[in-house]
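To convert, note that position 34 of the sequence shown is 1423 in our numbering; the numbers rise steadily by one, no gaps. Think of the CB as a built atom: it goes at the ideal place given N, C-alpha and C, for glycine as much as any other residue.
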Amino acid sequence: MEFKDLKISKQILNALDEAGFEIPTPVQVEAFPVIRSGKDMIGIAQTGTGKTLAYLIPILMKLHYAQGKYPRAIVIVPTRELVVQVCESVELLTAYMDIRCLGIYGGTNIRTQQDAVYEGCDLLVATPGRFMDIYMNGIIRTTSVKTVVIDEADRLMDLGFIPQLRSILEVIPEKHQTLLFSATFSDTVIALAEEFMVAPEKVEIAPQATTVDTVVQYRYDVPNIMTKINLLKLLLADKEVYTRVMIFTESKKNADRITDKLADFWKDELSVIHSNKAQNTRLNALKAFREGRARIMVASDVAARGLDIQDVSHVINFDIPTLAEEYVHRIGRTARAGKEGTAISLVAPREEDRFTDIERLIGQSVEMLPLPQKLEISDILLEEEKVVTANIVYQKKPRPKGGGAFHQKSAKNNKGKKK
1390 MEFKDLKISK
1400 QILNALDEAG
1410 FEIPTPVQVE
1420 AFPVIRSGKD
1430 MIGIAQTGTG
1440 KTLAYLIPIL
1450 MKLHYAQGKY
1460 PRAIVIVPTR
1470 ELVVQVCESV
1480 ELLTAYMDIR
1490 CLGIYGGTNI
1500 RTQQDAVYEG
1510 CDLLVATPGR
1520 FMDIYMNGII
1530 RTTSVKTVVI
1540 DEADRLMDLG
1550 FIPQLRSILE
1560 VIPEKHQTLL
1570 FSATFSDTVI
1580 ALAEEFMVAP
1590 EKVEIAPQAT
1600 TVDTVVQYRY
1610 DVPNIMTKIN
1620 LLKLLLADKE
1630 VYTRVMIFTE
1640 SKKNADRITD
1650 KLADFWKDEL
1660 SVIHSNKAQN
1670 TRLNALKAFR
1680 EGRARIMVAS
1690 DVAARGLDIQ
1700 DVSHVINFDI
1710 PTLAEEYVHR
1720 IGRTARAGKE
1730 GTAISLVAPR
1740 EEDRFTDIER
1750 LIGQSVEMLP
1760 LPQKLEISDI
1770 LLEEEKVVTA
1780 NIVYQKKPRP
1790 KGGGAFHQKS
1800 AKNNKGKKK
């Protein structure tokens, strides 16, 4: 099946053809007719499945042309980078249409954005906080809104945006279509859907625990953070293999720490994004990586969630995520559009239980690679590692022989619990 078989307008077909898109993804094929019917819809799809175009194409066909002053469709996303990304997709799709798209987000001058909203738009893309700020100032009018998209719903909830989402949905006219997209179908997502959606149809493309078949997964067992950094230096030195690399961390501190250490070797090839970086810095870093001027991007989970970047050769998990599902989201950045990619996880002893949960979730054991002979093993432990290591040692003290009644009861109570 091709896009031309999906009854898409000629203007959008021309734009897709010009951009090199011919074959729709499964989520696009499944979502188009539901969205066109006007029904509420829940889309469960991993990052990189084409879900942004899955909702944008039918929405833009409904909007058809510029009309009136107030937005007729609203897209809510969790981060500034995703606002920019969605707006770029709209720009691509509307090359032959007269549609006004506007993106608003925090970290920039609110007066400038309020002026832009006042000028009028057809499609408004926003982060929840900035939307409500401008709405409360009386600038955004929702009387014309016919479609609301909640994209990356699970991430919006992880970031604590549930109150803002409720506030937004409460000020939308009763007769409207709600489209909710999420990588996972959690209890909080279900609760939001039950509260604000009317008999939604569910479109699920990939089970939430699946990983892309074309991602080859490996792990290294590494004793500590400093040795992880030494291993990164060794791996990244092979520029012919590691052509386009995303390195994920759980903390802003580790993102900066890695960047500082790697900058001694590849300063001009590095980009870093996390929530402490200034807005322009983050956007410039993302642009440099997208355009190929930066070979390596270091990113925290919150900053990078949902970013759509093509031709990533390797994803490296510097830290193992606390939530096993986050591993699936991370490695979904490589092996897109049917291409092959590699995911490498650097597992410290304190992260072993986390990785066990990941393997249980994805239903497979990840192949362990031997550490390179040239790797310098550091015996330096950082402060945060000393605390965790001490706890591990304490937890692993042997129990008294024979156990006793208390130990039997404890073992019985712990059956079936996650580590």
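Q: Report yes if the CB atom of V1604 is closer than 7 Å to the CB atom of I1720, and no otherwise.
A: Yes.
Q. Are E1541 and V1473 closer than 7 Å when you measure CB to CB?
A. Cβ atoms of E1541 and V1473: not closer than 7 Å.
Q. Using a Cβ-Cβ cut-off of 8 Å (strictly less than) and excluding sequence neighbours within five positions of M1586, which residues of its own chain qualify?
A. So the qualifying residues of the chain are D1429, I1431, T1567 and L1569.
Q | T1567 - DSSP class collapsed to helix/strand/coil | A | Here T1567 sits in strand by DSSP.
(Q) At the level of alpha carbons, what is the spacing between E1470 and H1703? (A) The C-alpha of E1470 lies about 21 Å from the C-alpha of H1703.
Q: Between the Cα of L1625 and those of I1685, R1722 and L1512, spot the shortest distance and give me the residue it belongs to.
A: Comparing alpha carbon positions, the residue from I1685, R1722 and L1512 closest to L1625 is I1685.
Q: Please determine, among K1622, N1673 and I1662, the residue with the shortest C-alpha to C-alpha distance to W1655.
A: Ranking K1622, N1673 and I1662 by Cα distance to W1655 puts K1622 first.
**Q.** Distance between F1574 and K1396 (C-alpha atoms, nearest Å)
**A.** About 30 Å.
(Q) Quick check on DSSP: helix, strand or coil for A1332? (A) Any question about residue 1332 goes unanswered here, given that the chain covers just 1390 to 1808.
(Q) Among C1510, I1412 and K1564, whose alpha-carbon lies nearest the alpha-carbon of H1453? (A) Relative to H1453, the option among C1510, I1412 and K1564 whose CA is nearest is C1510.
Q) Using the C-alpha atoms, what's the distance from R1489 back to R1739? A) Approximately 50 Å, taken between the alpha carbons.
Q | Cβ pair T1638, F1550 closer than 7 Å | A | Taking 7 Å as the Cβ cut-off, T1638 and F1550 do not qualify as a contacting pair.
Q.
Please report the straight-line C-alpha distance between R1671 and C1476, rounded to a whole angstrom.
A. Rounded to whole angstroms, R1671 to C1476 spans 16 Å at the Cα level.
**Q.** Beta carbon of V1611 nearer than 7 Å to that of L1620
**A.** V1611 is a Cβ neighbour of L1620, given a cutoff of 7 Å.
Q) Using the beta-carbon count (16 or more within 10 Å), is L1527 buried or exposed? A) The residue you asked about is not Leu; residue 1527 is Gly in the sequence shown. Around the CB of G1527, fewer than 16 other CB atoms lie within 10 Å, so the residue is classed as exposed.
Q) Given 8 Å as the limit, is there contact between the region 1438-1446 and the region 1409-1427, that is, 3 or more CB pairs closer than that? A) Touching, per the Cβ criterion.
Q: With DSSP as the reference, label Y1607 as helix, strand or coil.
A: DSSP places Y1607 in strand when its eight states are reduced to three.
Q) Can you check whether the CB of L1405 is closer than 7 Å to the CB of Y1607? A) Between Y1607 and L1405, the C-beta gap is not smaller than 7 Å, which leaves the two residues out of contact.
Q | Closest residue to G1457 among T1497, V1506, I1499 and L1445 (Cα-Cα distance) | A | With distances taken between Cα atoms, G1457 lies closest to V1506.
Q) Under 7 Å between the Cβ atoms of A1572 and D1543? A) The Cβ atoms of A1572 and D1543 lie closer than 7 Å to each other.
Q: Report the rounded CA-to-CA distance for M1809 versus N1498, giving the unit in angstroms.
A: Since the displayed the chain opens at 1390 and closes at 1808, residue 1809 lies outside it and no answer follows.
Q: Alpha carbon to alpha carbon, how far is D1504 from L1771? Give it in angstroms, no decimals.
A: Going by the C-alpha atoms only, they are around 48 Å apart.
(Q) Quick check on the burial criterion: 16 or more other C-beta atoms within 10 angstroms. Buried or exposed for S1734? (A) With 16 or more other Cβ atoms within 10 Å, it is buried.
Q. Closest to K1814 by CA distance: which of H1718, A1408, I1636 and S1398 is it?
A. Outside the modelled stretch of the chain, which goes from 1390 to 1808, sits residue 1814, for which no answer is possible.
(Q) If the criterion is Cβ atoms closer than 7 Å, does the pair M1521 and S1556 meet it? (A) Yes, these two residues count as a Cβ contact at 7 Å.
Q: Could you tell me how far apart the beta carbons of M1635 and R1722 are, in whole angstroms, since I believe they sit closer than 8 Å?
A: Going by Cβ atoms, the distance from M1635 to R1722 rounds to 5 Å, so yes, they are a contact pair.
Q | Within 7 Å, strictly: CB atoms of L1402 and A1462 | A | No; because the gap between Cβ atoms is not below 7 Å, this pair is not in contact.
Q) For V1661, does the three-state DSSP call read helix, strand or coil? A) In the displayed model, V1661 falls within a strand according to three-state DSSP.
Q: Scan the region 1515-1544 and note each continuous alpha helix (DSSP H) run of 4 residues or more that stays entirely inside, going in chain order.
A: Correct list: 1517-1525.
Q: May I have a chain-ordered list of the alpha helix (DSSP H) segments no shorter than 4 residues that lie completely inside the region 1398-1426?
A: Counting only runs of 4 or more, we get 1399-1408 and 1415-1426.
Q | Extent of the continuous beta strand (DSSP E) to which L1343 belongs | A | The chain is shown from 1390 up to 1808; residue 1343 falls before or after that span and cannot be answered.
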